[in-house]
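Participant:
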Amino acid sequence: MPELPEVEHVVRSLRRAVLSRTIVAAEVRLPKLVAPTSRAAFSRKIKGSRITAVSRRGKFILIELQNLSSAKSQVLVVHLRMTGRFMVLSLDDDLPKHAHAVFYLDDERRLVFNDQRQFGVMRLVAASRVSQTKGIEQLAPEPFSDDFTNDYLKQILNRSRRTLKTLLLDQTRVLGLGNIYASEALFRAGINPFVVAAELSSRRVPRLHQGIRDVLRAAISGNSSRRLNLESPEGFSYGEAFGKVWQVYDREGKPCYRCGTPIRRLTHGGRSTYWCPRCQRK
DNA sequence: ACCCTCACCTGCACGC
DNA sequence: TGCGTGCAGGTGAGGG
781 MPELPEVEHV VRSLRRAVLS RTIVAAEVRL PKLVAPTSRA AFSRKIKGSR
831 ITAVSRRGKF ILIELQNLSS AKSQVLVVHL RMTGRFMVLS LDDDLPKHAH
881 AVFYLDDERR LVFNDQRQFG VMRLVAASRV SQTKGIEQLA PEPFSDDFTN
931 DYLKQILNRS RRTLKTLLLD QTRVLGLGNI YASEALFRAG INPFVVAAEL
981 SSRRVPRLHQ GIRDVLRAAI SGNSSRRLNL ESPEGFSYGE AFGKVWQVYD
1031 REGKPCYRCG TPIRRLTHGG RSTYWCPRCQ RK
């Protein structure tokens, strides 16, 4: 589910909730979550580790662990995919239905990974190898870094015959957008989602660049204004609940906030694209 | 090298 | 009420 802003928010919440805690035991209940590592090996490696940092790269969550006995530093790399969630529960709380991993902390609490659709993945890697980890090594520059420039975006666009909407979902080209914010970024830029990337006129590239950064920034600050509380799992959801960031997504047939024209939706490749046919003419 | 389709899962909203 | 269909915030394998 989460796109970059939601992952960023999960990272900040994890820092508040579990930074400096030690994992006294780990229990994996869904083997494929940590495959090809066995559940036993995974638990053994993680047990007795202290959480020394929480960060992210794109949509990957990086939980840095210091092994107290061997002084070895490793990183728990987590991808939430569509429905993965972290929660912090007390020992008394019932586990939610899809709790696939439970980390017992040294303060009588449990960090729980819950994932209804079971797409999420977890991997332990040596700290020095995080950037070479499959999935991470090919990622595009962080959208707020100095490397994500208009020129970079222009080059990427020029090399592709795919539509803008499809290209924006490719994390190796543009990092951080998902199906919601790809539509939203294009709306903000006033650009039609079905334009072939290489055919976007040069003067529109900066607008797209701005649209991408603006929507991510707006979503991150919207999320931040309403804190994600890992301790009350029922108390939060991603997306619209966090602020009015969605201007076209899930608004088929409803009037465009800018011009009143009904928002349109098309599915291609099994994914919905939303746009305003007037504000985003070809 | 690129790009498309499908597969991975559960659950919900919808129409009949 | 039940059942079938389509859809859901993401990616990766496999094939053209």
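For the first sequence, the numbering used here assigns the number 781 to the initial residue and increments by one for each residue that follows.
Heads up, the beta-carbon is just placed ideally off N, CA and C, and yes, glycines get one too.
All values reported here derive from a predicted model rather than from experimental measurement.
What is the rounded straight-line gap between the Cα of E1032 and the Cα of R997?
Facilitator: Each residue's Cα considered, the two are about 24 Å apart.
Participant: For the pair the region 800 to 807 and the region 972 to 989, tell me if three or more CB-CB distances fall below 8 Å.
Facilitator: Touching, no, given that fewer than three Cβ pairs across the two stretches are closer than 8 Å.
Participant: Comparing alpha-carbon positions, which option in R1051, V1028 and G1049 lies nearest R1058?
Facilitator: Checked all of R1051, V1028 and G1049; the closest Cα to R1058 is V1028.
Participant: Based on the DSSP secondary-structure assignment, which residues constitute the bridge partners of Y1054?
Facilitator: Per DSSP, R1045.
Participant: Can you give me the start and stop residues for the beta strand (DSSP E) that N972 sits inside?
Facilitator: Note, N972: premise wrong, no beta strand (DSSP E); not H, not E.
Participant: Take the Cβ of P782 as the centre, count every other Cβ of all protein chains shown within 10 Å, and call the residue buried at 16 or more, exposed below.
Facilitator: Under this definition P782 is a buried residue.
Participant: Secondary structure at P782, three-state DSSP: helix, strand or coil?
Facilitator: P782 falls in the coil class under three-state DSSP.
Participant: Cutting at 7 Å between CB atoms, please list the residues of its own chain near A906, excluding the five before and the five after it.
Facilitator: Excluding residues within five positions, the ones whose Cβ falls inside 7 Å are Q854.
Participant: What did DSSP end up calling R792 once you bin it into helix, strand or coil?
Facilitator: DSSP places R792 in helix when its eight states are reduced to three.
Participant: Between which residues of its own chain and Q918 is the CB-CB distance below 7 Å, once the five residues before and five after are set aside?
Facilitator: Only T952 meet the Cβ criterion.
Participant: Can you tell me which of the three DSSP states H859 falls into?
Facilitator: Looking at H859 - three-state DSSP - the assignment turns out to be strand.
Participant: What is the DSSP secondary structure of P876, counted as helix, strand or coil?
Facilitator: If DSSP states are grouped into helix, strand and coil, P876 belongs with coil.
Participant: Could you compute how far the alpha carbon of D886 sits from the alpha carbon of Q1060?
Facilitator: Approximately 53 Å, taken between the alpha carbons.
Participant: So, helix, strand or coil for I841, using DSSP?
Facilitator: Reduced to three states, the DSSP call for I841 is strand.
Participant: Helix, strand or coil: which one does DSSP assign to G864?
Facilitator: Note: G864 maps to strand in three-state DSSP.
Participant: Can you give the Cα-Cα distance for R968 and S870, rounded to whole angstroms?
Facilitator: If you take the alpha carbons of R968 and S870, they lie about 42 Å apart.
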